[in-house]
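Participant: When we follow the numbering used here, the leftmost residue of the sequence shown carries the number 45, and every step to the right adds one. Think of the CB as a built atom: it goes at the ideal place given N, C-alpha and C, for glycine as much as any other residue.
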Amino acid sequence: MPNSTRPAPDSLARAENAHSAKRKPTVLMTMGCQPRAGHDYQVMTHKYIVPLVELAGCVPLLMPTCCGLDDLDHYLDLADGLYLTGAGSNIDPALYGQQNLTPDKARDPERDRVDIALIHGALARGLPLFAICRGMQELNVALGGDLYQRLYAEGPFADHREDPAAPVAAQYGARHPVTLVPGSWLHTQLGEPVIMVNSLHGQGICRLGAGLVPLAHAEDGLVEAVTLAGRDAFTLGVQWHPEWQASANPHSVRLFKAFGDACRQRSK
45 MPNSTRPAPD SLARAENAHS AKRKPTVLMT MGCQPRAGHD YQVMTHKYIV
95 PLVELAGCVP LLMPTCCGLD DLDHYLDLAD GLYLTGAGSN IDPALYGQQN
145 LTPDKARDPE RDRVDIALIH GALARGLPLF AICRGMQELN VALGGDLYQR
195 LYAEGPFADH REDPAAPVAA QYGARHPVTL VPGSWLHTQL GEPVIMVNSL
245 HGQGICRLGA GLVPLAHAED GLVEAVTLAG RDAFTLGVQW HPEWQASANP
295 HSVRLFKAFG DACRQRSK
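#1: Under a Cβ-count criterion, where at least 16 other Cβ atoms within 10 Å of its own Cβ denotes burial, should residue 351 be classed as buried or exposed?
#2: With DSSP as the reference, please indicate the residues paired to residue 107 in a beta bridge.
#3: Quick one: what does DSSP say residue 242 is sitting in, helix, strand or coil?
#4: Would you tell me roughly how many angstroms separate the C-alpha atoms of residue 77 and residue 275, rounded to the nearest one?
#5: Tell me which residue opens and which closes the alpha helix (DSSP H) that residue 179 is part of.
#6: How is the alpha helix (DSSP H) around residue 154 delimited, first residue to last?
#7: On a Cα-Cα basis, can you pick out the residue from 105, 253, 180, 214 that is closest to residue 281?
#8: Let me know the secondary structure DSSP gives residue 302 once reduced to three states.
#9: Is there contact here, the stretch 85-100 with the stretch 295-303, by at least three beta-carbon pairs under 8 Å?
#10: Extract the residue ranges of the beta strand (DSSP E) inside the stretch 255-281, only unbroken runs of 3 or more that lie entirely within it.
#11: Since residue 162 and residue 105 are thought to touch, with beta carbons under 8 Å apart, how far apart are those beta carbons, to the nearest angstrom?
#12: Can residue 175 and residue 128 be called in contact, C-beta distance under 9 Å?
#13: Out of 182, 244, 310, state which residue places its alpha-carbon closest to the alpha-carbon of residue 254.
#14: By the three-class DSSP mapping on this structure, what secondary structure does residue 175 have?
#15: Could you pull the start and end residues of the beta strand (DSSP E) that residue 84 belongs to?
#16: Mapping DSSP to helix, strand and coil, what is residue 99?
#17: Are there 16 or more other CB atoms within 10 angstroms of the CB of residue 190, so buried, or fewer, so exposed?
#18: Would you kindly report the start and end of the unbroken alpha helix (DSSP H) that includes residue 120?
#19: Residue 283 and residue 257 - do their beta-carbons sit closer together than 9 Å?
#20: Please report the distance separating the alpha-carbon of residue 13 from that of residue 272.
#21: State the start and end residues of the unbroken beta strand (DSSP E) segment that holds residue 223.
So, in structure tokens, the structure goes:
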């Protein structure tokens, strides 16, 4: 006699499809080292997580960088996208063949090592990738590019650093315009040729990594946004901080929603 409590095959299929439709994409984020009171902490700032959840509609998966690369593929197998954030530390200039010109600035070699490996893994797997500030610089270095270590001391460039004495809201306020490359994905997505952005960085892209192309420039010519030419998956690096009060900034909302949509498409 048939088991009347067992769902029919078509019911199981409908249930599985419904579960799949409700599943949010998982986005991999790495934490960084921050010493506190004699202990090393692994941290991620609240402001980066909130728009990923509330605007992109994704679930963050936080990966510690203090444990090396042994579980890298495990994390990538769980991910529908990679989200590289800013941080207070500078990338080790030895990774792009230079001496350290900013010895007073913190470095995080464990994050450098893990994030560069994750970038290569994400690109190989076709994962959507969104990189902010240090994250964009990591992307550039991972692809063989280099950085201006002291942008404020280089040629025609403005001082893009924040005023450390100013309130946080002022530090993250709109600071300067960037001009979007006409006809580019970013221009189409944001719908304006010029947008105002904040500015909180002492370093910036010098020589672009292999395949990277600019999407936006500051008035002084600095590359402020990049993508990877010929790559179908969402790939965006920005030098500014769209995560800051993102829900109140229509440009930030569009960027996070576009990233979330790309991760949802990947998760299907």
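Facilitator: Based on what the coordinates show:
#1: Residue numbering for the chain in the displayed model covers 45 to 312; residue 351 lies beyond these limits and cannot be assessed.
#2: 74
#3: coil
#4: 31 Å
#5: Residue 179 -> alpha helix (DSSP H) spans 178-186.
#6: 153-169
#7: 180
#8: helix
#9: yes
#10: 256-262, 267-272
#11: Contact between residue 162 and residue 105 is absent: CB atoms are separated by about 12 Å, not below the 8 Å threshold.
#12: It is a contact, given that the beta carbons lie within the stated cut-off.
#13: 182
#14: strand
#15: 83-87
#16: In the three-state reduction of the DSSP assignment, residue 99 falls in the coil class, being assigned neither a helical nor a strand state.
#17: buried
#18: 116-122
#19: Going by C-beta atoms, residue 257 is not nearer than 9 Å to residue 283.
#20: Beyond the ends of the chain as shown, which are 45 and 312, falls residue 13; an answer cannot be given.
#21: Unbroken beta strand (DSSP E) run through residue 223: 220-224.
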